[in-house]
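If you're matching positions, the sequence shown starts at -12 in the numbering used here and goes up one per residue.
Everything on this sheet refers to the single structure shown next.
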Amino acid sequence: MRRKLFITYIILVMVGSLITGALCLSFVRTYYVKNIQDKLVSNGNLITTTLLNLVDEKTEIDYMAMAQKFSSQTNSEISFINDKGYILADSSGSLMLENQINKPEIQNCLHGKTSVSDRYSKVKGERFIYVALSPVKIYDNKVIVRLGMSLKGFDNLNKVFLSCTLISILIGVIVAVVIGCFFLDNMMNPLQKLNNAAKRISNGNFNHKVRINTKDELEELANSFNNMSSTINNVQLNYRNLELNSILNSITYGILVIDINWNIILSNPAVIKILRLDKNLNIGDNLKNSIESQELYNLIEETFDNNVHKEKELGLRDNDDKIYKVYTKLIDYDVENLVYEKGIVIILQDISEIKHLEKMRSEFVANVSHELKTPLTTIIGFVDTLKRKPGEDKEKRQRFLGIISEEVERLKRLIEDILLLSHLENQSSSNNLEEVNIYKELDDILYMLTPSANRKNIGINLIVERNFTLYVKSKDWFKQAVMNLIDNAIKYTQPEGHINVSAYIKENNAFIIVKDNGVGIPKEDISRVFERFYRVDKSRSRSEGGTGLGLAIVKHIVSELDGSIYLNSELNKGSEFIIQLPLNKLDAI
-12 MRRKLFITYI ILVMVGSLIT GALCLSFVRT YYVKNIQDKL VSNGNLITTT
38 LLNLVDEKTE IDYMAMAQKF SSQTNSEISF INDKGYILAD SSGSLMLENQ
88 INKPEIQNCL HGKTSVSDRY SKVKGERFIY VALSPVKIYD NKVIVRLGMS
138 LKGFDNLNKV FLSCTLISIL IGVIVAVVIG CFFLDNMMNP LQKLNNAAKR
188 ISNGNFNHKV RINTKDELEE LANSFNNMSS TINNVQLNYR NLELNSILNS
238 ITYGILVIDI NWNIILSNPA VIKILRLDKN LNIGDNLKNS IESQELYNLI
288 EETFDNNVHK EKELGLRDND DKIYKVYTKL IDYDVENLVY EKGIVIILQD
338 ISEIKHLEKM RSEFVANVSH ELKTPLTTII GFVDTLKRKP GEDKEKRQRF
388 LGIISEEVER LKRLIEDILL LSHLENQSSS NNLEEVNIYK ELDDILYMLT
438 PSANRKNIGI NLIVERNFTL YVKSKDWFKQ AVMNLIDNAI KYTQPEGHIN
488 VSAYIKENNA FIIVKDNGVG IPKEDISRVF ERFYRVDKSR SRSEGGTGLG
538 LAIVKHIVSE LDGSIYLNSE LNKGSEFIIQ LPLNKLDAI
């Protein structure tokens, strides 16, 4: 930019100087020519008056003598020309000059006006200014008095003036360059400061201020720039604070930052809830007396005292079964960009669900091991018996083989249920909806389970409209869930009992209900019947061929279908399982 401004400045100075010089030359020429014209006109009038006086005196006129006389007096060329263009006399002494009738000054003066012409004379070989006065009556002739003056002297003067002008322009340009460099530096230095400040701002440094004391628009621009920088800094800080607050508010972990005096530097709503702190606590408030958990208090103190990172699992209250993983780390934080003070970051993660899942996984492994061990032990026992006593009678052998076959079937059912449950947990249902005719599907299920019901003489009633059609994410999963519920009802209903299977729509929801008058479930066990391998009556469940996974599979399927399952049961009176599915999703084709 400096180079462009400098070149532009030099061009402007040179153009301005040339224009000024040209105007000066034009003015001098105009002024010089005007003086010559006025002088020639005045001398011409004098000569004309002299001629007229001689006419009045009846004196014979010698045109050549007069021309030479007045030429020497006025230092100009003088010619006497008649109205036909012929030269009567010329101060140069030559009468052989061509006819002058076509000369511009002669043509114009014939109209009765004084005429001026600035032209090149071929005879003289130089430029002349000619003044021709209107013709006057001299005896029998009309005489035109023409005066001419050479511009050779002016041309020489003009060359000298032009040389002086060019030298003046050159000197002026040099002086202007020196002065321009000085002023350009004074102008560019503030701009350079603004440019450097802009680069710092682009790199994220909004604290830099531009100091310019020029008492002009540049100083106002610098002040505006500083104000803009401060505004951007404030906006960015506000944005970062909003962004940080949004992040902190959305994090489920409790996050707390305090200084060495236990004053709050940063907190999020989750930590307020976890530690049950006063919601009106603000940044800067002291937290030392607000920590209920002595174990957490000691952990923070240890972090301050030992300057080490701490990590511990603990409960915050005796009457709360929640478990938290607490992380503490000592930090240095900036105070006014100058001083660094000690502080501590405390993160509280609720791991109660993780612990619960770990416990469930451990129990699941133990239950699977136990469920597999029992039939395997039975199978191994009877196989050993058959091997040790190959001579057993046929009836006992058939009985032993029957027991082995039952245990193998039990193992098969258990493995199939485990694989199905694993498949459900690891594969989400499709978003594509499948059409299900509820009446047809329930009727098919009852047809398959009728032999089991007939063995116990259990009556099953189907209450559903024939055109009841829904849309579900997985038709097979839906069928599996309902089949498990009905099969479960048959197993736990006494002989001569009855089961009602119904389906209806209410308030944008579809309900499928399986109700029996079987053994029922104690109130204290209702909340756990959907857990894996949980059995209300373990001996009865195994005798009925149950694996302990049927209801867990049902709950998982219903959840994948975006529905809910409810259980109403009373011991020795029966149970009612209710599947609720959102109708708007089922009908969303």
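Ideal placement from N, C-alpha and C gives every residue a C-beta, glycine not left out.
Contacting residues, own chain, Cβ-Cβ under 7 Å from residue i (five flanking each side not counted)
i	result
phenylalanine 148	Leu12, Val15
lysine 572	Interpretation of lysine 572 is limited by its pLDDT of 49, a score under 50 that renders its predicted location unreliable; no figure is taken from the coordinates.
valine 451	Ile425, Tyr426, Leu429, Ser489, Ala490
asparagine 128	Asn69
lysine 513	Checking the sequence, you will find isoleucine at residue 513 rather than lysine. Answer for isoleucine 513: Leu554, Ser556, listed in chain order.
Secondary structure of residue i, DSSP reduced to three states
i	result
isoleucine 565	strand
asparagine 145	helix
threonine 239	coil
lysine 466	helix
threonine 36	helix
lysine 45	coil
isoleucine 331	strand
lysine 343	The sequence shown places histidine at residue 343, rather than the lysine named in the question. Note: histidine 343 maps to helix in three-state DSSP.
arginine 133	strand
serine 78	coil
threonine 437	helix
valine 516	coil
leucine 12	helix
glutamine 596	Within the shown structure, residues of the chain are numbered from -12 to 576, placing residue 596 beyond reach of any answer.
tyrosine 126	coil
asparagine 448	strand
asparagine 190	coil
Straight-line Cα distance separating residue j from residue i
i	j	result
leucine 243	lysine 342	23 Å
aspartate 430	proline 509	31 Å
alanine 163	isoleucine 6	16 Å
valine 130	valine 20	25 Å
valine 222	leucine 231	14 Å
lysine 493	isoleucine 544	21 Å
alanine 185	leucine 208	13 Å
glutamate 563	isoleucine 310	35 Å
leucine 570	isoleucine 425	13 Å
glutamate 394	serine 339	38 Å
proline 91	leucine 138	18 Å
asparagine 214	aspartate 337	46 Å
isoleucine 261	serine 280	11 Å
phenylalanine 57	cysteine 96	21 Å
leucine 335	isoleucine 278	13 Å
asparagine 190	asparagine 250	33 Å
proline 438	glutamine 385	24 Å
isoleucine 333	serine 556	46 Å
Contacts around residue i, its chain only, beta-carbon distance under 8 Å, and the 5 residues preceding and following it disregarded
i	result
lysine 266	Ile259
valine 459	Leu420, Glu421, Val423, Phe465, Leu548, Leu568, Leu573
histidine 296	Thr290, Tyr314, Thr315, Lys316, Leu317
threonine 101	Val28, Gly31, Val118, Ala119, Leu120, Ser121
Same chain only: Cβ atoms within 6 Å of residue i, ignoring 5 sequence neighbours per side
i	result
glutamine 567	Asn496, Phe498, Gly550, Ser551
threonine 152	Gly8
aspartate 105	Ile116
valine 326	The predicted position of valine 326 is uncertain, since its pLDDT is 49 and thus under 50; no value can be drawn from it.
Unbroken alpha helix (DSSP H) run spanning residue i, endpoints
i	result
asparagine 293	281 to 293
asparagine 95	91 to 96
threonine 61	50 to 61
Residue i versus the options, residue with shortest Cα-Cα distance
i	options	result
aspartate 463	Lys56, Val541, Tyr50	Val541
aspartate 272	Asp246, Asn441, Asn306	Asp246
isoleucine 368	Tyr314, Ile391, Val132	Looking at the sequence provided, one finds glycine at residue 368 rather than isoleucine. Of Tyr314, Ile391, Val132, the residue nearest in Cα terms is Ile391.
leucine 33	Ile65, Asn306, Glu47	Ile65
isoleucine 154	Glu345, Ser4, Leu436	Ser4
cysteine 546	Phe517, Asn454, Ile(-3), Lys180	It is serine, not cysteine, that sits at residue 546 in the sequence shown. If we check each option's Cα against that of serine 546, Phe517 comes out closest.
lysine 109	Asp77, Glu85, Gly99	Glu85
methionine 51	Ser78, Ser29, Gln60	Ser78
tyrosine 284	Leu301, Lys383, Asn269	Leu301
glutamate 113	Gln87, Phe141, Asn128	Phe141
alanine 257	Asn269, Leu274, Leu264, Thr239	Thr239
Span of the beta strand (DSSP E), counted from its first residue to its last, around residue i
i	result
leucine 558	Taken as a continuous stretch (DSSP letters only), leucine 558 belongs to no beta strand (DSSP E), as it is neither H nor E.
phenylalanine 601	With the chain covering -12 to 576 only, the question about residue 601 has no answer from this structure.
serine 108	102 to 108
histidine 543	Where histidine 543 is concerned, there is no enclosing beta strand (DSSP E), although the alpha helix (DSSP H) it sits in stretches over 537 to 547.
valine 258	Not the beta strand (DSSP E): valine 258 falls in the alpha helix (DSSP H), residues 256 to 261.
threonine 456	456 to 459
tyrosine 612	Because the chain spans -12 through 576 in this model, residue 612 falls outside it and cannot be assessed.
histidine 301	Note on residue identity: the sequence assigns leucine, not histidine, to residue 301. Taken as a continuous stretch (DSSP letters only), the beta strand (DSSP E) holding leucine 301 covers 297 to 301.
arginine 114	113 to 119
valine 423	421 to 424
leucine 274	Counting along the chain, leucine 274 falls outside any beta strand (DSSP E), and DSSP gives it neither H nor E.
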